[in-house]
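Here's the structure, in structure tokens; my notes come after.
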Amino acid sequence: MSIVELYPKEWQEKWEEKKFKDPSIIQTSLYPLITEGESVLGISPTGSGKTLAFILPLLQRVIKGEGNQVLVILPSQELASQVAEVTREWAKPLDLNVQIVLGGANVKRQLDRLKKRPEIIIGTPGRVLELIKVKKIKSHLIQTLVLDEVDDLVADTDFNATKGIIKSVMADTQIVAVSATGERILPELDTLFRQEPTVIDVTNEDTSKGLITHGFIITPNRKRTEVLRRLAHVEGFKGLVFFNQLGELGTVSDRLEFLGIDHQTLASDQHQVERKRAIHDFENGHTPLLLTTDLGARGLDFSNLEYVVQYDLARDTSGYIHRAGRVGRMGKPGTVISLINDTDRRFINKEYKELDVVGVELFASHGKLLEEKPDVIEEEKEEIKEVFVPKVKKAMQKPARKSNTEPPKKIKKKNRVKKQKNKGAKWKS
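Read left to right, the sequence shown gives residues -2 to 426 (the working numbering).
In structure tokens form, the structure reads like this:
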């Protein structure tokens, strides 16, 4: 029997309305454990439906009007907003209240909404811990604590706040953690769980991943911005571009702006309003490129995203998996493009070998992404025509005369006697 048959009638109708097929392996595996109140660690590839895997069984356990019962922690504001949106969608038919608490947002407004005693609270570690300390979130009443994208929550920046939240809940509180990789999580089990959890790892059995092409474009570092320009001109291109350093991201953004290439940036030091606008424009196809870092794009899910571009190579295989996981979600195809020089080839080949994939050399030219090398001469003509010629023409343009009848101005010569020239210099010597 499918777990969908155990859902409320309103959910079954919504499931069909969204044209969802059979539940994924992680959704089927976690459902009975979570509904029975067990603490669990679920590991499955990105894009395999982990959010619904914990949200749906937990919402069925929530009792309306009984105050704070479920607390969901996420590593970034954007991811928290996305999960809150999904949760509200499925909580609405059950008439349950969902409240989001984020760092950087208006605290007073959040406090006013918490007075309504929402059943589900979703937030980022810093702000949630802050509200727990001032007793605005009654952590001792929380029945289930969810650690979403837990591999990021155990990173140095969030780990202290996450541990503080875990210590604040009761010893018998159900803890549900989900992750795309188990390498960083399994060593921290004793810290994250008060009692030994059930570990469900369906990485090898999961088949929800779409076909992903792993490709690379060989280009010198100084010409990588030019490659981004060409990719932006590929028909229907929508690419998430990853950088390792914020400084390089800003420099490339300035170059693209100079070249007239429409793009957005998503960085940790941007204001929340700017980040929200960047995500909205990229999600809705208003811009072909979104420049970001691993921190900026933590766990974000973009619909119909077909391309991930590594401007800088990920520092390790785990980072590559994280980036590649932005495409190929729920059976959709995708392509990961790495911009490399000759020195990088050994490193990228090593990652391909570890992931058991084959890397394909790609070429961006004439508005297309090709697997065969284009004619070099035509490529150079295209580059000159689209980049340099317009700027040279603009620079050579002379200001027009006010009217055709107006004669050119004569340059007045100074009426100076030749003997007087450099007279001061003569006396000085």
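For each residue, glycine too, the CB sits at the ideal point set by N, CA and C.
Quick caveat: nothing in here was measured; it's all calculated off a predicted structure.
Checklist line | Span separating the alpha-carbon of residue 132 from that of residue 15 | finding: Locating residue 132 in the sequence shown gives position 135, counting from the first residue. Locating residue 15 in the sequence shown gives position 18, counting from the first residue. The alpha-carbon atoms of residue 132 and residue 15 are separated by roughly 39 Å.
Notebook entry, point to check: According to DSSP, what are the bridge partners of residue 304?
Noted result: As a working mapping, residue 304 is identified with position 307 in the sequence shown. The partner list for residue 304 (beta bridge, DSSP) reads 236 and 332.
Next item on the list: Decide yes or no for the touch test of the stretch 308 to 315 against the stretch 237 to 244: beta carbon pairs closer than 8 Å, at least 3 of them.
Entry: yes
Checklist line | From 242, 254 and 119, residue whose alpha carbon lies closest to that of residue 264 | finding: If you number the sequence shown from 1, residue 264 lands on position 267. Among 242, 254 and 119, the Cα nearest to that of residue 264 belongs to 242.
Margin query: Measuring straight from C-alpha to C-alpha, what distance separates residue 395 and residue 99?
Written below: Locating residue 395 in the sequence shown gives position 398, where the first residue counts as 1. Locating residue 99 in the sequence shown gives position 102, where the first residue counts as 1. Low confidence applies to residue 395: its pLDDT is 46, below 50, so where it sits in the model is not reliable enough to give any reading.
Notebook entry, point to check: What distance in whole Å lies between the Cβ atoms of residue 225 and residue 286, which are believed to be in contact at a cut-off of 8 Å?
Noted result: In the sequence shown, the residue the question calls residue 286 occupies position 289. In the sequence shown, the residue the question calls residue 225 occupies position 228. Indeed they touch by this definition, with Cβ atoms about 6 Å apart.
Next item on the list: Keeping to the same chain, check which residues put their C-beta closer than 8 Å to that of residue 387; ignore five residues upstream and five downstream.
Entry: Against the sequence shown, residue 387 aligns to sequence position 390. Only weak support exists for where residue 387 lies, its pLDDT of 45 falling under 50; the coordinates are left without a value.
Check: According to the Cβ coordinates, are residue 290 and residue 261 closer than 7 Å?
Finding: Translated into the one-based positions of the sequence shown, residue 290 becomes position 293. Translated into the one-based positions of the sequence shown, residue 261 becomes position 264. Not a contact, by the Cβ cut-off of 7 Å.
Check: What is the DSSP secondary structure of residue 144, counted as helix, strand or coil?
Finding: What you label residue 144 is simply residue 147 of the sequence shown in a count that begins at 1. If DSSP states are grouped into helix, strand and coil, residue 144 belongs with the strands.
Margin query: Assuming residue 176 is part of the alpha helix (DSSP H), what are its boundary residues?
Written below: On the sequence shown, position 179 is the one that residue 176 refers to. Not the alpha helix (DSSP H): residue 176 falls in the beta strand (DSSP E), residues 171 to 176.
Next item on the list: Starting from the Cα of residue 146, find the closest Cα among 137, 167 and 173 and give me that residue.
Entry: Along the sequence shown, read from residue 1 onward, the residue named residue 146 stands at position 149. Comparing Cα positions, the closest option is 173.
Item checked: Proximity of residue 315 and residue 203 at Cβ, strictly below 7 Å -> As a position in the sequence shown, residue 315 is number 318, starting the count at 1. As a position in the sequence shown, residue 203 is number 206, starting the count at 1. No, Cβ-Cβ distance for residue 315 and residue 203 is not below 7 Å.
Margin query: Just to confirm my understanding: we take residue 360, look at its own chain, exclude 5 residues before and 5 after, and list those with CB closer than 8 Å. What are they?
Written below: Taking the sequence shown and counting its residues from 1, the one referred to as residue 360 is at position 363. Excluding sequence neighbours, residue 360 sits near 214, 366, 367, 368, 369, 370 and 371.
Margin query: Whole angstroms are fine: how far does the CA of residue 330 sit from the CA of residue 299?
Written below: Counting from one through the sequence shown, the residue named residue 299 turns up at place 302. Counting from one through the sequence shown, the residue named residue 330 turns up at place 333. Rounded to whole angstroms, residue 299 to residue 330 spans 13 Å at the Cα level.
Check: Is the stretch 116 to 125 touching the stretch 155 to 166, taking contact as three or more C-beta pairs under 8 Å?
Finding: yes
Checklist line | Cβ neighbours of residue 349 in the same chain (closer than 8 Å, five flanking residues each side left out) | finding: Along the sequence shown, read from residue 1 onward, the residue named residue 349 stands at position 352. For residue 349, where only same-chain residues beyond five positions count, the Cβ hits under 8 Å are 211, 355 and 356.
Notebook entry, point to check: For residue 7, does the three-state DSSP call read helix, strand or coil?
Noted result: Translated into positions along the sequence shown, residue 7 becomes position 10. Helix at residue 7.
Margin query: Between the alpha carbons of residue 318 and residue 54, how many angstroms are there, rounded?
Written below: Sequence index remark: in the sequence shown, residue 318 carries index 321 (1-based). Sequence index remark: in the sequence shown, residue 54 carries index 57 (1-based). Those two C-alpha atoms are separated by around 28 Å.
Notebook entry, point to check: By DSSP, does residue 365 sit in helix, in strand, or in coil?
Noted result: For this step, residue 365 is matched to residue 368 along the sequence shown. Residue state, collapsed to three classes: strand.
Notebook entry, point to check: At what residues does the beta strand (DSSP E) containing residue 198 begin and finish?
Noted result: Numbered from 1 along the sequence shown, position 201 holds the residue referred to as residue 198. Element bounds for residue 198: 195 to 198.
Note to self: What would DSSP say about residue 283, mapped onto helix, strand or coil?
What the structure shows: By one-based count along the sequence shown, residue 283 stands at place 286. Coil, per DSSP.
Checklist line | Three-state class that DSSP yields for residue 242 in the structure shown | finding: Residue numbering aside, residue 242 sits at position 245 when the sequence shown is read from its first letter. Reduced to three states, the DSSP call for residue 242 is coil.
Next item on the list: Could you pull out every residue in the same chain whose Cβ sits closer than 6 Å to the Cβ of residue 194, ignoring the five residues on either side in sequence?
Entry: Position 197 of the sequence shown holds residue 194. These residues qualify, in order along the chain: 36, 37 and 38.
Margin query: I'd like to check one pair, residue 95 with residue 88: are the Cβ atoms closer than 7 Å?
Written below: In the sequence shown, counting from the first residue as 1, residue 88 sits at position 91. In the sequence shown, counting from the first residue as 1, residue 95 sits at position 98. Yes, these two residues count as a Cβ contact at 7 Å.
Next item on the list: Have a look at 135, 292 and 143 and flag the residue whose alpha-carbon is nearest the alpha-carbon of residue 50.
Entry: In the sequence shown, counting from the first residue as 1, residue 50 sits at position 53. For residue 50, the nearest C-alpha among the options comes from 143.
Check: Can you tell me whether residue 20 is buried or exposed, with buried defined as 16 or more other CB within 10 angstroms of its CB?
Finding: Taking the first residue of the sequence shown as position 1, residue 20 is located at position 23. So residue 20 ends up on the buried side.
Item checked: Extent of the continuous alpha helix (DSSP H) to which residue 344 belongs -> As a position in the sequence shown, residue 344 is number 347, starting the count at 1. That run of the alpha helix (DSSP H) goes 341 to 352.
Notebook entry, point to check: Starting from residue 319 and walking both ways along the beta strand (DSSP E), at which residues does that stretch end?
Noted result: Residue mapping note: residue 319 aligns to position 322 of the sequence shown, counting from 1. Premise fails: residue 319 lies in the alpha helix (DSSP H), 314 to 321, not in any beta strand (DSSP E).
Check: So, are the CB atoms of residue 148 and residue 182 less than 7 Å apart?
Finding: Here residue 148 is taken as the residue at index 151 of the sequence shown, counted from 1. Here residue 182 is taken as the residue at index 185 of the sequence shown, counted from 1. Going by C-beta atoms, residue 148 is nearer than 7 Å to residue 182.
Checklist line | Sheet register partners of residue 38 (DSSP bridge) | finding: Against the sequence shown, residue 38 aligns to sequence position 41. 174 and 196.
Next item on the list: Note down the Cα distance separating residue 77 from residue 48, rounded to an integer number of angstroms.
Entry: In the sequence shown, counting from the first residue as 1, residue 77 sits at position 80. In the sequence shown, counting from the first residue as 1, residue 48 sits at position 51. Those two C-alpha atoms are separated by around 11 Å.
Note to self: If I follow the unbroken beta strand (DSSP E) through residue 66, where does it start and stop?
What the structure shows: Taking the first residue of the sequence shown as position 1, residue 66 is located at position 69. Per DSSP, residue 66 belongs to no beta strand (DSSP E) and is neither H nor E.
Next item on the list: Mark residue -1 as exposed unless 16 or more other C-beta atoms lie within 10 angstroms of its C-beta, in which case mark it buried.
Entry: Looking up residue -1 in the sequence shown gives position 2. Exposed, since its Cβ has fewer than 16 Cβ neighbours within 10 Å.
Notebook entry, point to check: Is DSSP giving residue 137 helix, strand or coil here?
Noted result: Numbered from its first residue, the sequence shown carries residue 137 at position 140. Reduced to three states, the DSSP call for residue 137 is helix.
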